[in-house]
């Protein structure tokens, strides 16, 4: 009997070991050296919809030279784009979303005469579920005396540009020959910041000095930033002769397909699904409007969220990297999407939230908190275990978070456990990741409206957990703001929200900027020990940055443990979050990505570890040539000089 049972189990294990990312066993998993992952597919029934259909060109007798092409994606009606790599987003902190790397055409002109029509090209992904990745791509110009521009289709808005003129190869460009090109075509410049949500743009090449057109060949193209940095070549290099370079495109599914995906999961509640989808939009002022969703297996799961049952639970108790127990001496129990560390004979502790006042307003807050938290499934957001609204005083039951609030550790209330720089970076990254999830990945966007260090709890592993959703609001996908009675905590309150009563996702960004300033300085958001002008930490921090006095206000532990470049990077990020003009603040996705990047550099080997920053160190901040306009732009900063609230007591 035992032998009969063992054989089927072995077959089952083998089937899992050979599993691929295709929808069924009849679908091809590869074309040449490229792995084809669903929703992309080759052949009828193997792809999610027509946009993801791939044609495998096998004209060669050698199968390894076969090339996959996206059948419907044909920019400029030239030819389908060749697929180089397909990536599906995962829940790791360094995931950059679902992407596909393709070979994309470049613009090239040669000769001394300037031909306007030949020096311009429109690139468009309009109507498709693809857009140009703003994080992984750079806009590059090569060739002597080349002025390359990335503009809107009508050329009224310049997204960016650079020149290879050696005289001007400074902040906005880089030249491999700083003295003179000498017609050798070996100088280039690159623009590292392209607009987010871009689906179409025009590339234009002009002589940097029309009266001195030096001739030769000039190139301009969008390119995968990592690929470009690893390929040291000039315009005479054969790598550029095919007229195509790798470009990274973001991709997702439309709202109808997302709803079908949710329906196939058998639950409308986020907490009951092994995957989640967040909204990506190309609805900026300069691009064609389009909305799609990027999906990923949630934390604790891995696999392909587009396949039925494609997200599989990770058994954290069996650490594949070394067989170590993540719970140390405690017993580890794997749970659905997570794990628990068990102490023998100890009953789990919960926390009960009970309203002090019995009024309609408080009851509404409790109901609102239940509704909001029922949509959320994230390890850095406190879990609601249950509720009771039929009692005289409403009760909410949460998981127990044993180590108190972040505020207690930063403001000296708990001096027995110092918060290291590594912990501060990790906590900031975890909170940023959770806010990005709330703004984009929940079933509908959620604005927290009261981000502060007292609402950031620390669990038994000192992981950050955002709490208190009583004033949070869920909004419709097409909404950009919420008009309400002003609510929040003084010192963390967005000045624009205070004046307009319109709360946006950038209002949460402002509050998070105050938390970053707290992590750097150890100061309270509002303090009477500072001057009247600098009672608000936000104002105090911004003034210190403007006067190059940042290192005079930092927490001693930060000065001792952090590298100078790490401090500058986090401080510049906090400064951007605290911009009085909400439109100039970064989105939480950008904040999360930057903090994760700083963490990665922190973990990398560094020969200069433990270097202390002296009082004489100062910051140099550079503005990047990013989005310009050839005509007056609406919504530009009109010199607003709002001051955060100063003379009130923080709550």
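Residue numbers (mature numbering (1 follows the signal peptide of the UniProt record, and there is no 0)): -19 to -1, 1 to 632.
Ideal Cβ positions, reconstructed from N, Cα and C, are used throughout, including at glycine.
Exercise. Would you check if the stretch 535 to 542 and the stretch 558 to 569 touch, i.e. whether three or more CB-CB distances between them fall below 8 Å?
Key: no
Practice problem: With DSSP collapsed to three states, give me the class of residue 602. | Solution: Unreliable placement is indicated for residue 602, whose pLDDT of 36 sits below 50; no coordinate value is reported for it.
Quiz prompt | Under the three-state DSSP convention, the category residue 22 falls into | solution = strand
Self-check item: Alpha carbon of residue 204 to alpha carbon of residue 182, nearest angstrom
Solution: Their backbone Cα atoms lie some 14 Å apart in a straight line.
Quiz prompt | Supposed contact pair residue 558 and residue 654 - C-beta distance, whole angstroms, cut 8 Å | solution = No information on residue 654 is available, as it lies outside the stretch -19 to 632 that the chain covers here.
Quiz item: Between the C-alpha atoms of residue 498 and residue 232, what's the straight-line distance to the nearest angstrom?
Solution: 35 Å
Exercise. Identify the continuous beta strand (DSSP E) that holds residue 483 and give its terminal residues.
Key: 483 to 485
Quiz item: Under the three-state reduction of DSSP, which class applies to residue 269: helix, strand or coil?
Solution: In this prediction, residue 269 has a pLDDT of 48, which is less than 50 and means its spatial position is unreliable; what the coordinates show is noted afterwards. Here residue 269 sits in coil by DSSP.
Practice problem: Mind checking which residues open and close the alpha helix (DSSP H) that includes residue 134? | Solution: Careful: residue 134 lies outside any alpha helix (DSSP H) and carries neither H nor E.
Quiz item: Where does residue 236 fall in DSSP's three states?
Solution: Here DSSP, grouped into helix, strand and coil, assigns residue 236 to helix.
Quiz prompt | In chain order, each alpha helix (DSSP H) run of at least 4 residues that lies wholly inside the stretch 382 to 444 | solution = Listed in chain order, they are 387 to 391, 402 to 417.
Quiz item: So, helix, strand or coil for residue 71, using DSSP?
Solution: coil
Practice problem: Using alpha carbons as the reference points, say which of 8, 273, 298 lies closest to residue 281. | Solution: 298
Quiz item: CA-CA distance, residue 128 and residue 479?
Solution: Answer to the nearest angstrom: the Cα atoms are 44 Å apart.
Quiz item: Does the count of Cβ pairs from the stretch 401 to 410 and the stretch 347 to 360 closer than 8 Å reach three?
Solution: Not touching, per the Cβ criterion.
Quiz item: If you draw a straight line from the C-alpha of residue 224 to the C-alpha of residue 383, how long is it?
Solution: The straight-line gap from Cα to Cα measures roughly 59 Å.
Quiz item: Is the CB-CB distance between residue 522 and residue 555 below 8 Å?
Solution: yes
Exercise. Pick helix, strand or coil for residue 498, following the three-state DSSP scheme.
Key: helix
Exercise. Specify the secondary structure class of residue 536 as computed by DSSP and reduced to three states.
Key: coil
Exercise. Pick helix, strand or coil for residue 558, following the three-state DSSP scheme.
Key: helix
Quiz item: Looking only at C-alpha atoms, which of 501, 234, 428, 114 sits nearest to residue 390?
Solution: 501
Self-check item: Buried or exposed (CB count within 10 angstroms, at least 16 for buried), residue 123
Solution: buried
Quiz item: Measuring CA to CA, which of 447, 507, 484 is closest to residue 473?
Solution: Of 447, 507, 484, the residue nearest in Cα terms is 507.
Exercise. For residue 337, count neighbouring Cβ atoms within 10 angstroms of its own Cβ and tell me buried if that reaches 16, exposed if not.
Key: Confidence at residue 337 is low in this model, with a pLDDT of 49, below 50, so its placement is unreliable and no value can be given for it.
Quiz item: Are the beta-carbon atoms belonging to residue 246 and residue 239 less than 8 Å from one another?
Solution: no
Quiz item: Taking all protein chains shown into account, do 16 or more other C-beta atoms lie within 10 angstroms of the C-beta of residue 2, making it buried, or fewer, making it exposed?
Solution: buried
Quiz item: If you check the beta carbons only, do residue 386 and residue 434 fall under 8 Å apart?
Solution: yes
Quiz item: From the DSSP output, which residues share a beta bridge with residue 321?
Solution: 314
Self-check item: Presumed contact (8 Å Cβ cut-off) between residue 361 and residue 414, rounded CB distance
Solution: 6 Å
Quiz item: How should residue 317 be labelled, buried or exposed, when 16 other C-beta atoms within 10 angstroms of its C-beta is the threshold for buried?
Solution: exposed
Exercise. Spell out the partners DSSP gives residue 180 in its beta bridges.
Key: The partner list for residue 180 (beta bridge, DSSP) is empty, contrary to what the question assumes.
Quiz item: What is the residue span of the alpha helix (DSSP H) that residue 206 lies within?
Solution: 206 to 211
Quiz item: Who are residue 298's beta bridge partners in DSSP?
Solution: DSSP output for residue 298 lists no bridge partner at all.
Exercise. Have a look at residue 46 and residue 536 and give me their C-alpha separation to the nearest angstrom.
Key: 58 Å
Self-check item: Pair within 8 Å by beta-carbon distance, residue 139 and residue 130
Solution: yes
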